[in-house]
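Line order of the protein sequences matches chains A and B. Read in order, the letters of the first sequence are residues 328 to 549 in this note's numbering. Read in order, the letters of the second sequence are residues 1472 to 1699 in this note's numbering. As structure tokens, the structure follows; a few thoughts come after it.
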Amino acid sequence: MDFTRLKPYDWLLIGQGTLITVALCALALVGGMLIGCLTCAPTVWPRLRLLRLVVMAYVEVFRSTPLLLQLIAIYFALPLVGLEVPAVVAAALALVLYSGAYLTEVFRAGLEAVHRGQWEAALSLGLSRWQVLTRVIAPQAVRVILPAAVGFAVMLVKGSAVLSVIGFTELTRAGRLVVDWTREAFAVWLLVAAIYFAVCYPLSALGRRLERRFGHEAAPAT
Amino acid sequence: MTYEFLFGLPLANLPYLLGGAWSSLGFAAVAAIGGLALAIVLAWARQLGVRLLSVLALAYVEGARNTPLLVQLFLAYFGLPSIGINMAPGPTAVLVLTLNNGAYMTEILRGGIVGIRPSQIDAGLSLALTRYQVFRHVVLPPAIRSVAPALANQFIALTLATSLASQIAAEELTYRATLLEARIFHSFEIYAITLAIYFILAQALTRVLDLVIRRVFRRSPVHNVPQL
């Protein structure tokens, strides 16, 4: 295990990979939240039954299949509909869709965790559904959503390692390339693992602190 | 641009893919049992109060939970040979999956154990049960019962995670899909079929485990939100 065999270029590549990983995960988190805002509409407006079915199908598919396969399928599917996109776009799309599916469930759980009485009271005071959602329900739902979302951010960073499979140069692929050049497999993979740890552990700790602070309303699962 | 989907040839190879799915389930089953055993041992070790054991257990759990499974697989498969340990892809995959899953199950089980009222433990000790007996009969069964749904969820996630073992050439569903694709080229059709297999597998496992939890533990399984 010899770290001195890594040239400055190797360190640079790994550093670049780290930045790309963090940036892509942040993008996917934001994108997923936007999707989540749209997909929790049926929870707020129960008359949107068709949308609810579509959302449920989307969430079930993306949560019952491995991210690796979703990524590969999207990467191979896009050229078939005429879109020759670079690997980064396929990677981003797969990650956003995956993120959207999980965050949909997070948002839905957050909204449902708020007591029904809040809805009834606010509506009986003459507020519109939109006003109730934004001014009464959402601030309370945030207490459940935030810890779960931070926890999911950790899942996202770990999941992004899979993007290396389609040749997109994020941290794991940078590690692979450096291993190929320097043959220092153990050292490099240990380094890559340490970098992921350095990113994920603070996020995990933050999530746990948020959960403690807001009370144990987020239900435990994977 | 129009594309004609040709499902004939990929579907003819369905038995090959399903054999891979069976392999994946096998990996998951071994990793789940091993992981749960590991979780129980670690839970016992942690409540012994020995500082070194607790710190080691914590380091293991946090290390495995805050690094990607794929990197752990690469570290084991490509890294270990350079320090002298050579293993075939299958065993390596099972080992890494067990260790990774064990960390998650340790956390889940810890959540269950924390929920046991201290008075139960005091009652057991006052009845002259040894600490091992208290752990084995008073703490563990209710703890497992309370986290059974979370453990079931974890098993489903584990089954899906076995697809990563394809990256170190372990014989499972995703790997067979990629091999098939290299042979007959119908990429999208093959991956669509593979996605469908995973989907059906995950859905079927969820239903079956729900039933098991209802019957064996006599409680209603609660499906909840992904967390840390």
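Where is the CB? At the ideal position from N, CA and C, for every residue including glycine.
A Cβ-Cβ distance of about 5 Å is found for the pair residue 505 of chain A and residue 515 of chain A, placing them in contact under the 8 Å criterion. Under the three-state reduction of DSSP output, residue 508 of chain A falls in the helix class.
No Cβ of chain B is located within less than 8 Å of the beta carbon of residue 341 of chain A. Just so you know, the alpha carbons of residue 1581 of chain B and residue 512 of chain A end up roughly 34 Å apart. At the C-beta level, residue 1595 of chain B and residue 1585 of chain B stay beyond 8 Å of one another. The C-beta of residue 399 of chain A comes closer than 8 Å to at least one C-beta of chain B. Counting only runs of 4+ residues, the alpha helix (DSSP H) found wholly inside the stretch 452 to 495 of chain A occupies 465 to 486, in chain order. For residue 1608 of chain B, the secondary structure class from DSSP, reduced to helix, strand or coil, is helix.
At the C-beta level, residue 1564 of chain B and residue 1641 of chain B come within 8 Å of one another. Each residue's CA atom was taken as its position, placing residue 448 of chain A and residue 462 of chain A some 13 Å apart.
Here DSSP, grouped into helix, strand and coil, assigns residue 1571 of chain B to helix. Under the 10 Å beta carbon count, residue 1554 of chain B is surrounded by fewer than 16 other beta carbons and is classified as exposed.
If only complete runs of 4 or more residues are kept, the stretch 1536 to 1567 of chain B shows the alpha helix (DSSP H) at 1540 to 1545, in order along the chain. In this model, residue 432 of chain A and residue 518 of chain A are separated by some 34 Å (Cα to Cα). When secondary structure is reduced to three states using DSSP, residue 1643 of chain B falls in the coil class, being assigned neither helix nor strand. A Cβ-Cβ distance of about 22 Å is found for the pair residue 438 of chain A and residue 481 of chain A, leaving them out of contact under the 8 Å criterion.
DSSP, reduced to helix, strand and coil, places residue 522 of chain A within a helical segment of the structure shown. The Cβ of residue 1519 of chain B sits no closer than 8 Å to any Cβ of chain A.
Contact between the stretch 337 to 349 of chain A and the stretch 485 to 498 of chain A is present: three or more C-beta pairs spanning the two stretches fall below 8 Å. Contact between the stretch 1494 to 1506 of chain B and the stretch 1621 to 1640 of chain B is present, with at least three C-beta pairs closer than 8 Å.
A/378 is the residue among A/472, A/355, A/378 and A/357 whose C-alpha sits nearest the C-alpha of residue 366 of chain A.
Pairwise C-beta distances place the stretch 351 to 367 of chain A in contact with the stretch 411 to 420 of chain A, as three or more of them are shorter than 8 Å. The residue from B/1573, B/1611, B/1545 and B/1620 with its alpha-carbon nearest to that of residue 1531 of chain B is B/1573.
Taking a beta-carbon distance threshold of 8 Å, residue 528 of chain A counts as an interface residue toward chain B. Contact annotation: in the stretch 511 to 525 of chain A, residues whose CB is within less than 7 Å of a CB in chain B are 512, 513, 516, 517, 519, 520, 523 and 524. In this structure the stretch 1608 to 1624 of chain B does not lie against the stretch 1535 to 1552 of chain B, because fewer than three pairs of beta carbons, one per stretch, are closer than 8 Å. Closest by C-alpha distance to residue 1512 of chain B, out of B/1570, B/1651, B/1487 and B/1637, is B/1570. Residues of the stretch 1529 to 1560 of chain B with a Cβ closer than 8 Å to any Cβ of chain A, in chain order: 1533, 1534, 1536, 1537, 1538, 1539, 1540, 1541, 1542, 1543, 1545, 1546, 1549, 1550, 1551, 1552, 1553 and 1554. By the neighbour-count definition (other C-beta atoms within 10 Å, threshold 16), residue 330 of chain A is an exposed residue. Contact of residue 1488 of chain B with chain A is not assigned, every C-beta pair being separated by 8 Å or more. By the C-beta criterion, the stretch 464 to 479 of chain A is judged to be in contact with the stretch 531 to 541 of chain A, since at least 3 inter-stretch pairs fall below 8 Å. Sequence-distant partners of residue 428 of chain A (beyond 5 residues in either direction) whose C-beta falls short of 7 Å from its own C-beta, in its chain, are 385, 386, 389 and 390.
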